[in-house]
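Note sheet for the following structure.
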Amino acid sequence: MRRLLVLFAIAALISPAAIRRLTHSQYNNTVRDLLGDQTLPADNFPTEDFVHGFKNQASAQDIPPVLAEAYDSAAERLARNAFQGGQDANHLIPCKPRNAADSACAAQFIRAFGRRALRHSLTGPELQRYQTLLLKEARRTGSFIGGAQAVIEAMLQSPKFLFRFDGPAARLSYFLWDTMPDDLLFNAEESGALSTREGINQAVRRMLDHPHAKESLDQFVSQWLRFDLALAAVRDRSLYPQFTPELAISMTEETRRLIADNVWNGRNFMDVLTANYSFLNSDLAALYKVAAPPSEFARVDFPADSGRAGVLGHGSFLTLTSKPGDTSPTVRGYYVREQFLCQQVPDPPPGTNSNLPLVTPERPQTNRERLKVHVENATCAGCHTLMDPIGFGFEKYDAIGRYREKQTILFFPDRRAKDQTPAKVVVDLDTSGVVSGTRDSAFSTPKGLGEVLARSAECHACMVKQLFRYAFGRMEETRDGDTIAGGLEAFRGSGFRYKELLAFMAESAALRKGGN
Numbered sequence: 001m002r003r004l005l006v007l008f009a010i011a012a013l014i015s016p017a018a019i020r021r022l023t024h025s026q027y028n029n030t031v032r033d034l035l036g037d038q039t040l041p042a043d044n045f046p047t048e049d050f051v052h053g054f055k056n057q058a059s060a061q062d063i064p065p066v067l068a069e070a071y072d073s074a075a076e077r078l079a080r081n082a083f084q085g086g087q088d089a090n091h092l093i094p095c096k097p098r099n100a101a102d103s104a105c106a107a108q109f110i111r112a113f114g115r116r117a118l119r120h121s122l123t124g125p126e127l128q129r130y131q132t133l134l135l136k137e138a139r140r141t142g143s144f145i146g147g148a149q150a151v152i153e154a155m156l157q158s159p160k161f162l163f164r165f166d167g168p169a170a171r172l173s174y175f176l177w178d179t180m181p182d183d184l185l186f187n188a189e190e191s192g193a194l195s196t197r198e199g200i201n202q203a204v205r206r207m208l209d210h211p212h213a214k215e216s217l218d219q220f221v222s223q224w225l226r227f228d229l230a231l232a233a234v235r236d237r238s239l240y241p242q243f244t245p246e247l248a249i250s251m252t253e254e255t256r257r258l259i260a261d262n263v264w265n266g267r268n269f270m271d272v273l274t275a276n277y278s279f280l281n282s283d284l285a286a287l288y289k290v291a292a293p294p295s296e297f298a299r300v301d302f303p304a305d306s307g308r309a310g311v312l313g314h315g316s317f318l319t320l321t322s323k324p325g326d327t328s329p330t331v332r333g334y335y336v337r338e339q340f341l342c343q344q345v346p347d348p349p350p351g352t353n354s355n356l357p358l359v360t361p362e363r364p365q366t367n368r369e370r371l372k373v374h375v376e377n378a379t380c381a382g383c384h385t386l387m388d389p390i391g392f393g394f395e396k397y398d399a400i401g402r403y404r405e406k407q408t409i410l411f412f413p414d415r416r417a418k419d420q421t422p423a424k425v426v427v428d429l430d431t432s433g434v435v436s437g438t439r440d441s442a443f444s445t446p447k448g449l450g451e452v453l454a455r456s457a458e459c460h461a462c463m464v465k466q467l468f469r470y471a472f473g474r475m476e477e478t479r480d481g482d483t484i485a486g487g488l489e490a491f492r493g494s495g496f497r498y499k500e501l502l503a504f505m506a507e508s509a510a511l512r513k514g515g516n
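Its first residue numbered 1, the sequence shown is counted upward by one per residue in our numbering.
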């Protein structure tokens, strides 16, 4: 409890604008690389909030009591597991203690482990404090490992572990790898190599070729494109019986693989909006009505006349922007504005009536017809003209991403009588869409909108801004103009190679100085 009170006090004194906390994914990755622990302890922590589109924004990274308690429990469990059966299976102790209270070995262990856990070389007072703790616990338990376990538990609850008082090595690693630095990065920092442009460039190029970079990109993509909403989606089973949690996972995997293939093979990143192919398994192939691939998540080309292309034609996007029983042109348009154009759509005024006209067998209406009330109401029109016309262009793709030439509306005589056959009314769909405020932006398919966005200067700039927000843990401000402009110039100059944008952001002067 005393440790928790200390953590509360420190967290209260730390300005969110000045320092960041490990995200749950960073916590999991860090204890994996630090301790060899694969149990993903942060998956049991309280859910993180999305702020400005991401889960790593400093303004939302306080430590409420329930999270502090989770940290306390995790630290105790991780320290215990680090020496299961009284053995140092992960070789955390770099020396062989002569006895339980070997002070020389204790100092050697604390320096080595503390450098990695707290991400800096320990000061004299820090070394003394942890050495006192280790020797006290070693004498009490009669075991050097018992003392080492106490040190690990204490360090995992230290603000210097949980918060990012980052030097250049940690700033690079938590951006490009989503985890702690390795020994090469620590050594580069201590030698001064990360104080030079050449040294940073060499480190960044090495890091981008490491498997951790691929894991980190996956984490960024999953937040930017809000995979959590697709994975949490529910559907009316009477309308979408084939929709399952497993299918939702496949949908996000498709998008993840398309983007990873693009980035790590040096393709034009704007192609993720227009690609006439994807990476499908048999379930997705059946959903899209294309031939099943010979293996799971193999490349499949879409027919030449298909309107499905790029991530906006994926089941992930089309599902997460829909409702349990139908599509939502408004949500689809909102998502495009926010995620791909970085345009914030205001919330509706308090007391706004969001009810739409009721659909009946006598008066069947498409979503487009029902949503006319938005533009007829002056209170609603200002915002909905930004969203609805974009969403209309997706209306031939239903709430789980299936193509439909027309919309079939079902009317059940009595919802409680499941054995009754519903009445069906088939209506034509007008899928003409437009991105209001953007020239030459008429489209009628996901492929068409992808082409509009791929050539849009606003979309290009938004790609840079989204990565900036993720890298720096905050929204861009006026003072960040040079960083954003430089990133956009590097992105365009490379032929929109995303790997080059990652490198620019990692090497930027703003990130080198801490980004606050």
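Ideal Cβ placement from N, Cα and C applies to all residues, glycine included.
DSSP bridge partner residues for residue i (one or two, in chain order)
i, result
"residue 298", "280"
"residue 164", "20"
"residue 360", "363"
"residue 423", "411"
"residue 71", "Beta-bridge pairing links residue 71 to no other residue."
"residue 174", "BP columns for residue 174 are empty, so no partner."
"residue 433", "443"
"residue 470", "DSSP lists no partner for residue 470."
"residue 403", "397"
Where residue i falls: helix, strand or coil (DSSP)
i, result
"residue 445", "coil"
"residue 225", "coil"
"residue 372", "helix"
"residue 233", "coil"
"residue 15", "Here residue 15 scores only 46 on pLDDT, less than 50, and its place in the model is too uncertain to base an answer on."
"residue 240", "coil"
"residue 331", "helix"
"residue 51", "strand"
"residue 497", "strand"
"residue 527", "Only positions 1 to 516 of the chain appear in this structure, which leaves residue 527 out of reach."
"residue 90", "coil"
"residue 268", "strand"
"residue 506", "helix"
"residue 513", "coil"
"residue 255", "helix"
Cut-off 7 Å between Cβ atoms - residues of its own chain near residue i, not counting five sequence neighbours on either side
i, result
"residue 429", "366, 395, 396, 406 and 407"
"residue 398", "327 and 404"
"residue 90", "35, 36 and 82"
"residue 257", "279 and 297"
"residue 57", "51, 473 and 474"
"residue 454", "270, 273 and 274"
CA-to-CA distance, residue j to residue i, given in whole angstroms
i, j, result
"residue 388", "residue 234", "23 Å"
"residue 223", "residue 345", "19 Å"
"residue 115", "residue 83", "19 Å"
"residue 102", "residue 147", "10 Å"
"residue 195", "residue 494", "25 Å"
"residue 266", "residue 279", "17 Å"
"residue 39", "residue 74", "10 Å"
"residue 47", "residue 128", "37 Å"
"residue 481", "residue 302", "40 Å"
"residue 433", "residue 443", "5 Å"
"residue 13", "residue 239", "Residue placement at residue 13 is poorly supported in this model, since its pLDDT is 45, which falls under 50; the coordinates are not used for a value here."
"residue 253", "residue 269", "18 Å"
"residue 384", "residue 330", "7 Å"
"residue 277", "residue 119", "43 Å"
"residue 31", "residue 437", "47 Å"
"residue 137", "residue 319", "54 Å"
"residue 393", "residue 180", "44 Å"
"residue 92", "residue 105", "12 Å"
"residue 135", "residue 151", "10 Å"
"residue 60", "residue 358", "40 Å"
"residue 374", "residue 274", "30 Å"
"residue 349", "residue 391", "21 Å"
"residue 335", "residue 360", "29 Å"
"residue 500", "residue 347", "35 Å"
8 Å contact criterion, which residue i and residue j should meet: CB distance rounded
i, j, result
"residue 71", "residue 202", "In fact, because the Cβ distance is near 35 Å, the residues do not count as touching under 8 Å."
"residue 161", "residue 117", "6 Å"
"residue 446", "residue 310", "7 Å"
Same chain only: Cβ atoms within 8 Å of residue i, ignoring 5 sequence neighbours per side
i, result
"residue 177", "29, 207, 210, 212, 213, 215 and 216"
"residue 466", "53, 224, 339 and 342"
"residue 218", "256 and 260"
"residue 272", "258, 259, 262, 310 and 311"
"residue 149", "79, 80, 82, 83 and 137"
Same chain only: Cβ atoms within 6 Å of residue i, ignoring 5 sequence neighbours per side
i, result
"residue 285", "292"
"residue 121", "115"
"residue 471", "175 and 505"
Proximity test, Cβ basis, 8 Å: residue i and chain C
i, result
"residue 132", "This model lacks chain C altogether, as it is built from one protein chain only."
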